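Reading through the structure tokens given below for one structure.
Shown next, in the form of structure tokens:
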């Protein structure tokens with residue numbers, strides 16, 4: 001990869017993912033701003049207003065994924081920058097459910113384009129260390145949620161400033177990653193580098209193993225992001241500052257992903273996924289039984305569970321089905337976000353009409369199903385020789 005500054009591109013990618021993650025945390029704080037005690041929307045209405053963050057993400061990935069090979073990583077990355085900027089401005093101007101919906105749509109498209117372009121770029125730049133580097137890249141998703149949670153808490157709860165100023169802080173990392181990407185040469189995707197035809201790429205995403213992983217992605221993403229996105233409503237009766245619990249969860253996730261290489265070497269991707277499902281189930285179930293300081297213990301167990309879900313699902317596909325290329329990674333990410341767009345209004349309805357504990361119990365069913373599925377995956381993978389397992 002001559003004349004490609006891999007280190008600068010990787011750091012810029014991490015900052016771009018930081019923006020994506022901060023939007024999740026700040027949006028979680030906006031739930032109380034636009035909710036019954038603020039603008040007056042019901043929690044179900046807010047759920048619908050927030051859904052474009054996820055299906056907009058899905059749309060961007062499904063459209064952007066195949067285009068990454070033809071248009072190039074660079075152009076898709078700049079589309080992410082532009083739509084991020086539009087979404088942030090529109091969020092600041094939002095006043096009702098419709099304007100919040102449209103603002104969230106542009107943010108979601110920007111987030112999706114970030115993942116559509118940068119996941120395959122990192123897989124291409126580090127072909128021998130996909131699991132490790134994709135986990136290191138995705139450190140900045142929980143890391144960004146920590147930053148966004150603390151920023152939201154500090155700006156609004158400590159400083160007493162407006163929510164518009166809180167949203168405006170997103171411009172800082174946005175401009176940083178725009179500057180770092182400016183004028184850089186980008187690599188081609190791994191599928192292009194391997195010389196895999198477009199026909200074979202599309203054929204690869206119809207393989208039973210790939211379809212199975214898409215099914216699992218629906219459940220892993222809903223478990224992780226559905227819970228984290230509604231943390232304010234789920235835990236407001238248990239602790240005084242739910243956003244600090246969100247920061248705590250994501251601090252653990254960021255630390256775990258930073259050291260994912262050693263874990264991947266010991267467990268392999270399929271082993272990491274089974275380990276994650278067990279802890280995610282235990283954590284969610286314990287959250288229904290605890291309050292006060294003990295909530296943090298349950299949250300820590302949940303955090304250990306969801307730490308490796310997203311990046312390891314992607315690295316599994318990148319390692320075992322590399323011919324799927326950017327399309328495969330985009331379908332996986334898109335499926336994950338689509339599932340969250342479905343689960344958020346459902347959770348909102350439960351929260352409006354029942355209780356937070358009921359919502360947590362229902363969510364715990366998802367990792368319980370995953371435990372069974374990932375046991376089956378481990379058995380299957382032991383019977384086949386992996387194409388390329390990397391630490």
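Numbering (full-length UniProt numbering), first residue to last: 1 to 391.
All C-beta atoms, glycine included, are put in the ideal place defined by N, C-alpha and C.
None of these values were measured; they are calculated from a predicted model.
- Query: My guess is that residue 8 and residue 113 are in contact by the Cβ rule of under 8 Å, so how many angstroms apart are they, rounded?
  - Reply: Not a contact, Cβ separation roughly 19 Å.
- Message: I need the boundaries of the alpha helix (DSSP H) containing residue 70, first residue and last residue.
- Response: 52-71
- By how many angstroms is the C-alpha of residue 315 removed from the C-alpha of residue 388? Bear in mind that a pLDDT of 47 at residue 388, under 50, signals an unreliable position, so the model cannot answer this.
- Item | Cα-Cα separation between residue 338 and residue 121, rounded to whole angstroms | 23 Å
- Item | Span of the alpha helix (DSSP H) around residue 254 | 242-258
- Item | Nearest neighbour of residue 249, chosen from 110, 119, 305 [CA to CA] | 305
- Report buried or exposed for residue 130, applying the criterion of at least 16 other Cβ atoms within 10 angstroms of its Cβ. buried
- Among residues of its own chain, excluding the 5 on either side of residue 224, which ones have a beta-carbon nearer than 8 Å to its beta-carbon? 280, 306, 309, 310
- For residue 298, which residues of its own chain have a beta-carbon under 7 Å away from its beta-carbon, when the five flanking residues on both sides are left out? 283, 286, 287, 290
- Query: Alpha carbon to alpha carbon, what distance is there between residue 154 and residue 210?
  - Reply: 43 Å
- Message: Rounded to the nearest angstrom, what separates residue 106 and residue 382 at their Cα positions?
- Response: 43 Å
- Task: State yes or no: is the C-beta of residue 324 within less than 8 Å of the C-beta of residue 204?
- Result: yes
- Item | Sequence-distant residues of its chain with Cβ nearer than 6 Å to residue 55 (five each side left out) | 338, 341
- Query: Of all the options 150, 79, 135, which has the alpha carbon lying nearest to the alpha carbon of residue 110?
  - Reply: 79
- Quick one: what does DSSP say residue 29 is sitting in, helix, strand or coil? helix
- Message: Could you give the first and the last residue of the continuous alpha helix (DSSP H) run that contains residue 170?
- Response: It is not in any alpha helix (DSSP H) - residue 170 carries neither H nor E in the DSSP assignment.
- Item | Contact belief for residue 124 with residue 64 at Cβ below 8 Å, rounded distance in angstroms | In fact, because the Cβ distance is near 16 Å, the residues do not count as touching under 8 Å.
- residue 320 - containing alpha helix (DSSP H), residue span: 309-320
- Going by the beta-carbon positions, is the gap between residue 49 and residue 93 smaller than 8 Å? no
- Query: Which word fits residue 365, buried or exposed, when buried means at least 16 other C-beta atoms lie within 10 angstroms of its C-beta?
  - Reply: exposed
- Figure out for me which residue from 267, 277, 104, 160 has the closest Cα to the Cα of residue 217. 277
- Query: How about residue 370 and residue 220: are their beta carbons less than 8 Å apart?
  - Reply: yes
- Count the other CB atoms, across all protein chains shown, that sit within 10 Å of the CB of residue 132; report buried if there are 16 or more and exposed otherwise. buried
- Task: Can you tell me which of 232, 373, 115, 349 puts its alpha carbon nearest to the alpha carbon of residue 47?
- Result: 349
- Where the alpha helix (DSSP H) containing residue 293 begins and where it ends: Here residue 293 belongs to no alpha helix (DSSP H), and DSSP marks it neither H nor E.
- Cβ contact (3+ pairs, closer than 8 Å) linking the segment 70-88 and the segment 158-166: no
- Residues near residue 378 in its chain [Cβ-Cβ closer than 7 Å; skip 5 each side]: 270, 271, 274
- Item | Closest by C-alpha distance to residue 327, when choosing among 72, 157, 380, 253 | 72
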